[in-house]
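Visitor: What follows is a structure written as structure tokens; I'll ask about it next.
Numbering (the numbering used here), first residue to last: 2 to 501.
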């Protein structure tokens, strides 16, 4: 009986074939782990040394950038918002993809595939192709994302000059507007106007809401619109949201401005608030829902059924009450709906949407959905903030996220929007800003730590204005706590989150 443990001895040719197969596989593996190493041990050593030193140089540079960024958090923002650096990085990724794939092909050649048997040759070819395709595709996709990011930076950040803080604060005008049929974003008619007044050190923020139907207001002293309307914007049917359109129809007043509508709107807001506007940002509301969808939606406390559309629309429905995550379409209607409510209740809901986006959107969310976020923001937002300031405002945004947000809305019963008293409005704005500006001793003697590890002042003691009573017993109108006659909590509070 034959010995069942008997195994025929391999011939010398078979042993040699297995050695060559293992060698070919090893060359592919070391090329994956350290590009150029296969050439260094079995091919053109000069090519191998160039590749290895390039990899080492890139690794050391990446390590240095990472180490420095731990101490200087703004470095990543600076590198990630410089268009020429992004373009160079994109080219580098494409070149790296081609070079690495070339090294894999050369490593396959060095493995002498013609000396392998057919089965081994097929295995080596398959693995080599898979590895070369994988690394090249990964780097090419990375180059694509860098290109998307570069396009977003160039599309959004159109400003050229950096502005200094005014009285220790940056005042950013946030304008939500309807598109004009795709002709030009600068022809947008503002549907909502909010000034975000941000402390330049602590990030403490006040949102100042301006009603779209304000009339008879004065413009910034000495501005072209002030000279045209010295007694206020008192033309027939003229409201705040019509300033942009009026200026676009009278461009001769702003001959030196590329976007007279926005320039005139800034003059109007400065005249109303007595604040110097540092920058502005325009959000196309028809694309806003894409941004919300890109970040995965936002969770909001829906206190009453909120209409989606008008009763005459075929899609007319309601967002039902409850704490729920809304997608972009629902969030847009939550913020914009006026049916069964009023402009001022809607302004309160809009502030709650801003608060939710700030508090609920994390860097991880942005990274996870980056391509969608970049695409949505690039086609929806335009700002006068220059790329050089992204680092500053990113740091301030992280600080603001850990603090309470104050609000002031220039609406009834505080303000008569048909005939506003500008002196009273200026006084209310100064008071709101002063309350949100920490004293020096709060900044330097009682520091706290923000999400980004930076020192920040503790938020001042807050007290919400009682416009409704509370969630338990106060009135709710149009989905917002409060009423038109008594005011809405989210429109005037020291803690926006508690009013939402």
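Glycine included, C-beta positions come from ideal geometry on N, C-alpha and C.
(1) Could you give the first and the last residue of the continuous alpha helix (DSSP H) run that contains residue 149?
(2) Roughly how many whole angstroms lie between the Cα atoms of residue 34 and residue 283?
(3) When you compare the region 412-425 with the region 206-221, are there three or more beta-carbon pairs, one atom per stretch, that lie closer than 8 Å?
(4) Got a sec? Which residues, its chain only, sit under 8 Å from residue 147 by beta carbon, not counting five neighbours each side?
(5) If you reduce the DSSP assignment to three classes, tell me which class residue 337 lands in.
(6) Mind listing, in chain order, the continuous beta strand (DSSP E) runs of no fewer than 3 residues lying wholly within the region 292-349?
(7) With 16 as the cutoff for other CB atoms within 10 Å, does residue 342 come out buried or exposed?
(8) What residues are listed by DSSP as bridge partners for residue 493?
(9) Can you list, in chain order, the residues of its chain with a C-beta nearer than 7 Å to that of residue 430? Leave out the 5 residues immediately preceding and following it.
(10) What is the DSSP secondary structure of residue 12, counted as helix, strand or coil?
(11) What does the Cβ neighbour count give for residue 383, buried or exposed, with the cut at 16 atoms within 10 Å?
(12) When you compare each of 433, 405 and 435 to residue 501 by their alpha carbons, which one comes out closest?
(13) Bridge partners for residue 196 per DSSP, in chain order?
(14) So, do the region 280-297 and the region 314-334 have three or more beta carbon pairs nearer to each other than 8 Å?
(15) If residue 84 sits next to residue 151, beta carbons under 8 Å apart, how far is it from one beta carbon to the other, in whole angstroms?
(16) With a CB to CB cut of under 6 Å and the five nearest residues on each side skipped, what residues in its chain are close to residue 77?
(17) So does residue 219 have its beta carbon nearer than 7 Å to some heavy atom of the ligand NAD?
(18) Span of the beta strand (DSSP E) holding residue 482?
(19) From residue 105 to residue 129, what does the alpha carbon distance come to, in whole angstroms?
(20) Just the C-alpha distance for residue 350 and residue 491, rounded to the nearest angstrom, thanks.
(21) Note down the Cα distance separating residue 184 from residue 299, rounded to an integer number of angstroms.
(22) Residues in its own chain within less than 6 Å of residue 176 by CB, not counting five upstream and five downstream?
(23) Report yes if the CB atom of residue 207 is closer than 8 Å to the CB atom of residue 433, and no otherwise.
(24) Inspect the beta-carbon positions of residue 388 and residue 158 and report whether they are closer than 8 Å.
(25) Please list, in chain order, all residues of the same chain as residue 311 whose beta carbon is under 8 Å from its beta carbon, the five residues on each side excluded.
(26) What residue ranges within the region 16-55 form continuous beta strand (DSSP E) runs of no fewer than 3 residues, ordered along the chain?
(27) Helix or strand or just coil, what does DSSP make of residue 381?
(28) Assuming contact is defined by CB atoms lying nearer than 8 Å, are residue 346 and residue 479 in contact in what I supplied?
(29) With a Cβ-Cβ cutoff of 8 Å, do residue 269 and residue 244 count as a contact?
(30) Checking 8 Å against the spacing of the C-beta atoms, do residue 119 and residue 39 come in under that value?
(31) Please list, in chain order, all residues of the same chain as residue 31 whose beta carbon is under 6 Å from its beta carbon, the five residues on each side excluded.
(32) Between the C-alpha atoms of residue 56 and residue 220, what's the straight-line distance to the nearest angstrom?
(33) What number of angstroms, rounded off, separates the C-alpha of residue 64 from the C-alpha of residue 54?
(34) On a CA-only basis, which of 327, 249, 196 and 156 is nearest residue 297? Give me that one, please.
(35) Could you tell me the distance, in whole angstroms, from the CA atom of residue 367 to the CA atom of residue 391?
Guide: By the coordinates alone:
(1) Position 148 of the chain shown holds residue 149. Unbroken alpha helix (DSSP H) run through residue 149: 119-157.
(2) Taking the chain shown and counting its residues from 1, the one referred to as residue 34 is at position 33. Taking the chain shown and counting its residues from 1, the one referred to as residue 283 is at position 282. When rounded, the distance between both Cα atoms is 47 Å.
(3) Flag = yes, the region 412-425 and the region 206-221 touch.
(4) In the chain shown, counting from the first residue as 1, residue 147 sits at position 146. Cβ within range, chain order: 87, 90, 91 and 94.
(5) Counted from its first residue, the chain shown places residue 337 at position 336. Reduced to three states, the DSSP call for residue 337 is helix.
(6) Runs found: 299-303, 307-309, 318-320 and 323-327.
(7) As a position in the chain shown, residue 342 is number 341, starting the count at 1. It is buried - the Cβ of residue 342 has at least 16 other Cβ atoms within 10 Å.
(8) The sequence position of residue 493 within the chain shown is 492, counting from 1. Looking at the DSSP assignment, residue 493 forms a beta bridge with 409.
(9) Along the chain shown, read from residue 1 onward, the residue named residue 430 stands at position 429. Short of 7 Å from the beta carbon of residue 430, and not among the five residues preceding or following it, lie these beta carbons of its own chain, in chain order: 209, 274, 275, 276 and 409.
(10) Translated into the one-based positions of the chain shown, residue 12 becomes position 11. In the three-state DSSP reduction, residue 12 falls in the coil class, being neither helix nor strand.
(11) Position 382 of the chain shown, counted from the first residue, corresponds to residue 383. Buried, because 16 or more other Cβ atoms sit within 10 Å of the Cβ of residue 383.
(12) Translated into the one-based positions of the chain shown, residue 501 becomes position 500. The residue among 433, 405 and 435 with its C-alpha nearest the C-alpha of residue 501 is 405.
(13) In the chain shown, residue 196 corresponds to position 195, counting from 1. Answer by DSSP bridge pairing, in chain order: 174 and 209.
(14) Judged by pairs of C-beta atoms under 8 Å, the region 280-297 touches the region 314-334, as three or more such pairs exist.
(15) Start at 1 with the first residue of the chain shown, and residue 84 comes out as number 83. Start at 1 with the first residue of the chain shown, and residue 151 comes out as number 150. The pair is a contact, with the Cβ atoms about 6 Å apart (cut-off 8 Å).
(16) One-based indexing of the chain shown puts residue 77 at position 76. Excluding residues up to 5 positions away in sequence, 70 lie with their Cβ nearer than 6 Å to the Cβ of residue 77 in the same chain.
(17) As for the ligand NAD, it is missing from this structure, which has no ligand bound.
(18) Within the chain shown, numbered from 1, the residue matching residue 482 stands at position 481. 481-484 is the span of the beta strand (DSSP E), which, as asked, contains residue 482.
(19) Position 104 of the chain shown, counted from the first residue, corresponds to residue 105. Position 128 of the chain shown, counted from the first residue, corresponds to residue 129. So the two alpha carbons sit approximately 7 Å from each other.
(20) Here the question's residue 350 lines up with position 349 in the chain shown. Here the question's residue 491 lines up with position 490 in the chain shown. Approximately 8 Å, taken between the alpha carbons.
(21) Within the chain shown, numbered from 1, the residue matching residue 184 stands at position 183. Within the chain shown, numbered from 1, the residue matching residue 299 stands at position 298. In this predicted model, residue 184 has a pLDDT of only 42, less than 50, meaning its place in the structure is not dependable enough to derive any value.
(22) Here residue 176 is taken as the residue at index 175 of the chain shown, counted from 1. Excluding sequence neighbours, residue 176 sits near 191, 194 and 283.
(23) Translated into positions along the chain shown, residue 207 becomes position 206. Translated into positions along the chain shown, residue 433 becomes position 432. Contact: yes.
(24) Counting from 1 along the chain shown, the entry for residue 388 is found at position 387. Counting from 1 along the chain shown, the entry for residue 158 is found at position 157. Yes, the pair counts as a contact, with Cβ atoms nearer than the cut-off.
(25) Here residue 311 is taken as the residue at index 310 of the chain shown, counted from 1. Cβ within range, chain order: 317 and 340.
(26) Within the region 16-55, no complete beta strand (DSSP E) segment of 3 residues or longer occurs.
(27) The count along the chain shown starts at 1 and reaches residue 381 at position 380. Helix at residue 381.
(28) The residue you call residue 346 lines up with position 345 of the chain shown. The residue you call residue 479 lines up with position 478 of the chain shown. In contact: residue 346 and residue 479 (Cβ atoms closer than 8 Å).
(29) As a first step, residue 269 is located in the chain shown; it is residue number 268 there, counting from the start. As a first step, residue 244 is located in the chain shown; it is residue number 243 there, counting from the start. Cβ atoms of residue 269 and residue 244: closer than 8 Å.
(30) Looking up residue 119 in the chain shown gives position 118. Looking up residue 39 in the chain shown gives position 38. Taking a C-beta distance under 8 Å as the contact criterion, residue 119 and residue 39 do not qualify as a contact pair.
(31) Along the chain shown, one-based indexing puts residue 31 at 30. For residue 31, where only same-chain residues beyond five positions count, the Cβ hits under 6 Å are 38 and 39.
(32) Taking the first residue of the chain shown as position 1, residue 56 is located at position 55. Taking the first residue of the chain shown as position 1, residue 220 is located at position 219. Going by the C-alpha atoms only, they are around 59 Å apart.
(33) By 1-based counting over the chain shown, the position of residue 64 is 63. By 1-based counting over the chain shown, the position of residue 54 is 53. In a straight line, the C-alpha of residue 64 is about 15 Å away from that of residue 54.
(34) For this step, residue 297 is matched to residue 296 along the chain shown. The residue among 327, 249, 196 and 156 with its C-alpha nearest the C-alpha of residue 297 is 327.
(35) As a position in the chain shown, residue 367 is number 366, starting the count at 1. As a position in the chain shown, residue 391 is number 390, starting the count at 1. Cα to Cα, residue 367 sits roughly 16 Å from residue 391.
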